[in-house]
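For reference, the structure discussed in these notes is given below.
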Amino acid sequence: IFIQVYLAVYFATL
Amino acid sequence: MLELRLVQGSLLKKVLEAIKDLVTDANFDCSTSGFSLQAMDSSHVALVALLLRSDGFEHFRCDRSLSMGMNLNHVSKLLKCASNDDIITIKADDDADTVTFMFESPRQDKIADFEMKLMDIKSEHLGIPEAEYQSIVKMPSQEFARICKDLSSIGDTVVISVTKEGVKFSTRGDIGSANIVCRQNSTVDKPEEATTIQMKEPVSLTFALRYMNSFTKATPLSSSVSISMSSDLPVVVEYKIAEMGYLRYYLAPKIED
Chain A
4 IFIQVYLAVY FATL
Chain V
91 MLELRLVQGS LLKKVLEAIK DLVTDANFDC STSGFSLQAM DSSHVALVAL LLRSDGFEHF
151 RCDRSLSMGM NLNHVSKLLK CASNDDIITI KADDDADTVT FMFESPRQDK IADFEMKLMD
211 IKSEHLGIPE AEYQSIVKMP SQEFARICKD LSSIGDTVVI SVTKEGVKFS TRGDIGSANI
271 VCRQNSTVDK PEEATTIQMK EPVSLTFALR YMNSFTKATP LSSSVSISMS SDLPVVVEYK
331 IAEMGYLRYY LAPKIED
């Protein structure tokens, strides 16, 4: 089973 | 005062078609360097980044940096009123709550202007560092679109694997599984038909096909697409916009639970 990662895991909010 | 004159107005029409299904509302940012946009989809797993550099416009005046919030469906509807060969001018006053799109026919015998209300959009801006990717695949954009469409009739996710043999797109679903391998073919006559692979390390990542299919709406913007992947980063699917900039999509991978 695959789970979707969120972008915030990789990129910081400015 | 902001005034941007784009002779190839069809570019803006294509850009809107390429992003309106992914993002509903977005801020268009204008500064002396150009016209740009960064917006995430509502699920926060995909991001679109647009840059149209100022020197790609016939006339580019932006007295001070402006952020203009727009509903992309509304902009798209409005741009459908422009013909493909129209020259498009975007105008706004510094403190205005409206933006004007002006469409001029190439012979200057028809001029239309449409005023649209701006929106106040609070959007999260993400800091995306420049990164070295483990593998970068460049291939014809129509080929990539075809692969995503074909695979989505079989499965919901695509595994993109890059090795020195080539790039493999795989999926599986209830009816079975599919693998499509594209090998390097940089000896073809036309560079836009080439598939090239720059690989520092092999990489294999899994993505939702729904998003990949949405990205391929940008196919009319560029004859080739580049797919940059690293095992610890979102994929970047980039369509270069001739002489002007790019439309990039970032998509976070799916990982095994």
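Protein chains in written order, with our numbering: chain A, 4 to 17; chain V, 91 to 347. Backbone N, C-alpha and C define an ideal beta-carbon position, used for all residues, glycine too. Model, not experiment: these values are computed from the prediction.
- Fully enclosed alpha helix (DSSP H) runs of no fewer than 4 residues occupy 162 to 169 of the region 112 to 177 of chain V, in order along the chain.
- Taking 8 Å as the CB threshold, Asp-347(V) lines the interface with chain A.
- The beta-carbon distance between Leu-10(A) and His-215(V), rounded to whole angstroms, is 12 Å. This is too long to meet the 8 Å contact definition.
- The region 112 to 122 of chain V makes contact with the region 139 to 153 of chain V; the number of CB pairs closer than 8 Å reaches 3 or more.
- Identification of residues in the region 291 to 304 of chain V having a C-beta nearer than 8 Å to some C-beta of chain A yields Thr-296, Ala-298, given in sequence order.
- In the DSSP assignment, Lys-344(V) is bridged to Gln-7(A), Thr-296(V).
- With a cutoff of 8 Å on beta-carbon distance, Ile-226(V) and Ser-318(V) are scored as near each other.
- Under the DSSP definition of a beta bridge, Thr-247(V) partners with Ala-298(V).
- Annotation for Lys-239(V): Asn-303 place their beta carbon closer than 7 Å to its own, counting only its chain and skipping 5 residues before and after.
- In the assembly as shown, Ser-260(V) is a buried residue. Its beta-carbon has 16 or more other beta-carbons within 10 Å.
- Among the bridge pairs identified by DSSP, Asn-303(V) is matched with none.
- Residues of the region 332 to 345 of chain V whose Cβ lies closer than 8 Å to any Cβ of chain A, in chain order: Tyr-340, Ala-342, Pro-343, Lys-344, Ile-345.
- The beta carbon of Thr-261(V) does not come within 8 Å of any beta carbon belonging to chain A, so the residue lies off that interface.
- For the region 187 to 218 of chain V, the residues whose beta carbon sits under 9 Å from a beta carbon of chain A are, in order, Glu-214, His-215, Leu-216, Gly-217, Ile-218.
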